Amino acid sequence: MLKDEIGKLFLKLKEKQPLVHHITNAVTINDCANVTLAIGGSPVMADSPEETAEMVAHANALVINFGTLNSSSFSAIVNAGKRANELGIPVIFDPVGVGATNYRNEKAALLLNEVQFAIIRGNHSEIASLAGITASTKGVDAGEVSESAFNTAKKAALRFNTIVVVSGETDYISDGEKTCCIANGDLLLTKITGTGCTTASLIGCFAGSGDNLFLAAVAGISTMGICGERAARRLASGEGLGTFKTRLWDEISLIDGDVWKEEVRLNE
Amino acid sequence: MLKDEIGKLFLKLKEKQPLVHHITNAVTINDCANVTLAIGGSPVMADSPEETAEMVAHANALVINFGTLNSSSFSAIVNAGKRANELGIPVIFDPVGVGATNYRNEKAALLLNEVQFAIIRGNHSEIASLAGITASTKGVDAGEVSESAFNTAKKAALRFNTIVVVSGETDYISDGEKTCCIANGDLLLTKITGTGCTTASLIGCFAGSGDNLFLAAVAGISTMGICGERAARRLASGEGLGTFKTRLWDEISLIDGDVWKEEVRLNE
Amino acid sequence: MLKDEIGKLFLKLKEKQPLVHHITNAVTINDCANVTLAIGGSPVMADSPEETAEMVAHANALVINFGTLNSSSFSAIVNAGKRANELGIPVIFDPVGVGATNYRNEKAALLLNEVQFAIIRGNHSEIASLAGITASTKGVDAGEVSESAFNTAKKAALRFNTIVVVSGETDYISDGEKTCCIANGDLLLTKITGTGCTTASLIGCFAGSGDNLFLAAVAGISTMGICGERAARRLASGEGLGTFKTRLWDEISLIDGDVWKEEVRLNE
Chain C
770 MLKDEIGKLF LKLKEKQPLV HHITNAVTIN DCANVTLAIG GSPVMADSPE
820 ETAEMVAHAN ALVINFGTLN SSSFSAIVNA GKRANELGIP VIFDPVGVGA
870 TNYRNEKAAL LLNEVQFAII RGNHSEIASL AGITASTKGV DAGEVSESAF
920 NTAKKAALRF NTIVVVSGET DYISDGEKTC CIANGDLLLT KITGTGCTTA
970 SLIGCFAGSG DNLFLAAVAG ISTMGICGER AARRLASGEG LGTFKTRLWD
1020 EISLIDGDVW KEEVRLNE
Chain F
770 MLKDEIGKLF LKLKEKQPLV HHITNAVTIN DCANVTLAIG GSPVMADSPE
820 ETAEMVAHAN ALVINFGTLN SSSFSAIVNA GKRANELGIP VIFDPVGVGA
870 TNYRNEKAAL LLNEVQFAII RGNHSEIASL AGITASTKGV DAGEVSESAF
920 NTAKKAALRF NTIVVVSGET DYISDGEKTC CIANGDLLLT KITGTGCTTA
970 SLIGCFAGSG DNLFLAAVAG ISTMGICGER AARRLASGEG LGTFKTRLWD
1020 EISLIDGDVW KEEVRLNE
Chain A
770 MLKDEIGKLF LKLKEKQPLV HHITNAVTIN DCANVTLAIG GSPVMADSPE
820 ETAEMVAHAN ALVINFGTLN SSSFSAIVNA GKRANELGIP VIFDPVGVGA
870 TNYRNEKAAL LLNEVQFAII RGNHSEIASL AGITASTKGV DAGEVSESAF
920 NTAKKAALRF NTIVVVSGET DYISDGEKTC CIANGDLLLT KITGTGCTTA
970 SLIGCFAGSG DNLFLAAVAG ISTMGICGER AARRLASGEG LGTFKTRLWD
1020 EISLIDGDVW KEEVRLNE
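Residue numbers (the working numbering), protein chains in the order written: chain C, 770 to 1037; chain F, 770 to 1037; chain A, 770 to 1037.
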């Protein structure tokens, strides 16, 4: 059921070429633009507070990322997020590093008061921290949490009235009522930078292509997992993370709904 | 005629290793630096308003890009541009996303009053918007315009007393009197980010290597088209946009004047 | 002697997965994060003045890079550097482009008064300029200096009471008393951007994994040289700088202490 609809969503995306406005970090901004193009979308990365409200009006989705947050980008985010809400444009939030500093925690809390998110995507410790579930985050990557990822996804979705994606060995997608899980992925995805940020870009592309945001969340996170597996399978002896990254972008540009349906390990 | 001179310009570039100062966007800044090195130049990317006027004095060309414009980078651009004008250093302008927001339109108009450009490079809608020709820009990539690209290039060149490059399926290069077109390129060049920005880098490298700016503009835009074709021809089954990008950088580092002369489809 | 200890340091790094906080430039920030992951570390790139002092407290090393310095990043650097000093976290400084503008020279002088560095890495002209040895820097890459690189390394180490790495065809590592040199490397490493910045990342990863900072400096700079040679050896006809970069990241993700010991050309 979900599977057939997501298969069709790939076609819609290629047809619509949704414009996805990103306000993201300096580390992976190039990757986010390239992944958006690779899956069939069109990226725009304007991040000046003076223009984000105007730019987002052209977009089919807005992706917000906290990776290298500063006071300027935060203003740009708030301006764009509020305007997107007014216009009914779905907003995806990637709360990178929330839990690691008070600065990020405070800005995330402010933002959650100002902007209604369609989808929030993070690792377990980031989502737990956002939702006030006991958690400790080390830097922007690891972290330990007391709840199961399944419960964290569900609770955060209810708390913020949104769809929550918790990335990990198994990914959980919840709208507070139903919760799916995805078993695709490869450990190598954690060994290059940007696979989290670009997962949010994929989700943004799917969210900008159809009306069902839950499908978009499932499609985006699972596409990254499947493409990671496919790229890892092709690695030959003597090839490492540089080649893996190149192949991952290859796979994202080559995947279609049929490959997705064949390879996804989705538990509804 | 043009062909022989551009053939020689490749040699001059490799010999001189021109220092090309970029004030560019966060998305493709790494690509711009790598392409500058690949063609034989030397990049410097300083973008703080406090130092760009001093840094540009070392440079053989200045490349300005509006991709992720903000108030700080705009000051950096004005300071560097005015100093470059004083010193006779050619300034290349890539008006990314002009037409998409009032912010960009206003800043572009201000800049055109303050700085004399040697070469302006953009897609059709950006150049049309800059020159006040009826146009609509969607995000920073697409757009629809009423004039032919040929006429837009010519009119904008006359209006700004500069050389204008309009990138597209066919590229037009005009100084207001003569207008050339280039038929090289591949659709894949539009499917990765940064091929526009790095075309401006190539133009900057050629502009910093000789005295003829028209030749530099033709050389830069056609080099990207030719290298795109060569990279696309090498793509095997199962290879996608990640590999294409790697091969494109390969080709830019391997091309010389002889390959260029053999492969260019130039209509003088 | 040094060799055996560095062999073991590779194991420690893989085990510890040190968190390396970078405050670096926009050009190579993605490369720095990927190289940190590739060698076995964990990167965090927060660069807002409001949070760097808090973020660095989680880290095992701090890497500071002047590539695209501005007033905001300078504040972020000072805040993080002072806190790192208080906590005994080693700070690595890459004074990119020092000597090219007064702005950089002044900020570097200020920083050297405020923060005690564990290791400083730069090319000959940058280190000479920092230490007040007659030098001229062109842009951020080249430069001519009157002293031998050996002497510059030694003098700068004594002057700043630190370990100094001078990168070049031969690399010199000095603590003011003993000075080693490394003869690994390949000219291609100078033809892609970021091999200097990511060398500082490698040094940061090793510095965050053990107690001997001199070993860390030697390990970091030589690992880049060895991996550069290995990547260059694998280049086939028709492959250029794009493929070289991919292979370089491959090699950094594949190298271990045994390969290092076999390939290093170290003169103690």
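In this text, a Cβ means the ideal position worked out from N, Cα and C, and glycines have one as well.
Since the model is a prediction, treat every value here as computed from it, not as a measurement.
Inset, instruction - Tell me whether the beta-carbon of N854 of chain A lies closer than 8 Å to the beta-carbon of V884 of chain A. - result: yes
Inset, instruction - Taking A1001 of chain F as the reference, give the member of F:H893, F:T959, F:L899 with the closest Cα. - result: Per the C-alpha coordinates, the member of F:H893, F:T959, F:L899 positioned closest to A1001 of chain F is F:T959.
Legend entry - Beta bridge counterpart(s) of L831 of chain A as assigned by DSSP: A:H790, A:V860
Legend entry - Whole-angstrom distance between E820 of chain A and N839 of chain C, CA atom to CA atom: 9 Å
Legend entry - Cβ of K777 of chain C within 8 Å of any chain A Cβ: Not closer than 8 Å to any Cβ of chain A, the Cβ of K777 of chain C fails to qualify, so no.
Legend entry - Chain-ordered neighbours of E1008 of chain F on chain C, where CB pairs are closer than 8 Å: Chain C residues near E1008 of chain F: D1019.
Legend entry - 7 Å Cβ shell around L727 of chain C - same chain, five flanking residues per side excluded: A query on residue 727 of chain C cannot be resolved here, the shown segment of chain C reaching from 770 to 1037 and no further.
Inset, instruction - Scan the region 924-1008 of chain A and note each continuous beta strand (DSSP E) run of 3 residues or more that stays entirely inside, going in chain order. - result: 932-936, 940-943, 948-951
Legend entry - CA nearest to the CA of G776 of chain C, picked from C:F1013, C:D1019, C:E1008, C:S991: Residue C:S991 is the option with its Cα nearest to G776 of chain C.
Inset, instruction - Compute the Euclidean distance between the alpha carbons of T1029 of chain F and A985 of chain F, then round it to the nearest angstrom. - result: One detail in the question is off: residue 1029 of chain F reads as Trp in this sequence, not Thr. Cα-Cα distance, rounded: 13 Å.
Legend entry - Residues near G908 of chain F in its chain [Cβ-Cβ closer than 8 Å; skip 5 each side]: Only weak support is given to the placement of G908 of chain F: the predicted model assigns it a pLDDT of 49, under 50, and the value that follows is read from those uncertain coordinates. Same-chain partners within the cutoff: G866, A869.
Legend entry - Member of F:F862, F:D863, F:G994 whose CA lies at the smallest distance from the CA of E938 of chain F: Sorting F:F862, F:D863, F:G994 by C-alpha distance to the C-alpha of E938 of chain F places F:G994 at the top.
Inset, instruction - Out of C:S844, C:N829, C:D800, C:C801, state which residue places its alpha-carbon closest to the alpha-carbon of P818 of chain C. - result: C:S844
Inset, instruction - Consider the Cβ of N799 of chain F: report whether some Cβ of chain A lies at a distance smaller than 8 Å. - result: yes
Inset, instruction - Return the residues of the region 871-902 of chain F that lie within a Cβ-Cβ distance of less than 8 Å from chain C, sorted by chain order. - result: N871, Y872, R873
Legend entry - A849 of chain C: contacting residues in chain F (beta-carbon distance under 9 Å): What A849 of chain C touches in chain F: nothing, since even the nearest Cβ is about 12 Å away.
Legend entry - Closest by C-alpha distance to E1008 of chain A, when choosing among F:G1009, F:E1008, F:L1010, F:R1003: F:R1003
Legend entry - Within chain E, partners of L838 of chain C - CB distance below 7 Å: Of the protein chains in the structure, C, F and A, none is chain E.
Inset, instruction - For the beta strand (DSSP E) holding V813 of chain A, just list the boundary residues, first then last. - result: 811-813
Legend entry - Spatial neighbours of D773 of chain A in its chain, beta-carbon cut-off 6 Å, leaving aside the 5 residues before and after: Excluding positions up to five away in sequence, the list is empty.
Legend entry - Residue span of the beta strand (DSSP E) that contains G891 of chain C, given as start and end: 888-892
Legend entry - Min CB distance G997 of chain F to chain C below 8 Å: No, no contact with chain C.
Inset, instruction - Consider the Cβ of R852 of chain C: report whether some Cβ of chain F lies at a distance smaller than 8 Å. - result: no
Inset, instruction - To the nearest angstrom, report how far apart D944 of chain C and A830 of chain C are at their CA atoms. - result: 19 Å
Legend entry - Exposure label - T906 of chain C; buried when at least 16 CB within 10 Å: Residue confidence for T906 of chain C is low, a pLDDT of 49 falling below 50, so the modelled location carries little weight and cannot support an answer.
Inset, instruction - For A1015 of chain F, count neighbouring C-beta atoms within 10 Å of its own C-beta (all shown protein chains included) and say buried if the count is 16 or more, exposed if not. - result: Before going on, a small fix: residue 1015 of chain F reads as Thr here, not Ala. So T1015 of chain F ends up on the buried side.
Inset, instruction - Give the single residue among F:K876, F:N953, F:E916 whose Cα lies nearest to the Cα of E998 of chain F. - result: F:N953
Legend entry - Proximity test, Cβ basis, 8 Å: G866 of chain F and chain C: yes
Legend entry - Chain-ordered neighbours of V869 of chain C on chain A, where CB pairs are closer than 9 Å: It is Ala, not Val, that sits at residue 869 of chain C in the sequence shown. Near A869 of chain C (Cβ distances below 9 Å), the residues of chain A are V813, A815, E820, E823, M824, H827.
Legend entry - Cα-Cα separation between G965 of chain C and L1017 of chain F, rounded to whole angstroms: C-alpha of G965 of chain C to C-alpha of L1017 of chain F: approximately 26 Å in a straight line.
Inset, instruction - Indicate whether at least one CB of chain C lies closer than 8 Å to the CB of R1016 of chain A. - result: True, the Cβ-Cβ gap to chain C drops below 8 Å.
Legend entry - Extent of the continuous alpha helix (DSSP H) run through A807 of chain F: 798-808
Inset, instruction - Give a yes or no on whether 8 Å exceeds the smallest Cβ distance from L1035 of chain F to chain A. - result: no
Inset, instruction - State the start and end residues of the unbroken alpha helix (DSSP H) segment that holds V865 of chain A. - result: Note, V865 of chain A: premise wrong, no alpha helix (DSSP H); not H, not E.
Legend entry - Near-chain F residues of the region 925-956 of chain A - C-beta to any C-beta below 7 Å: none
Inset, instruction - Give the DSSP-derived three-state secondary structure of L880 of chain A in the structure shown. - result: helix
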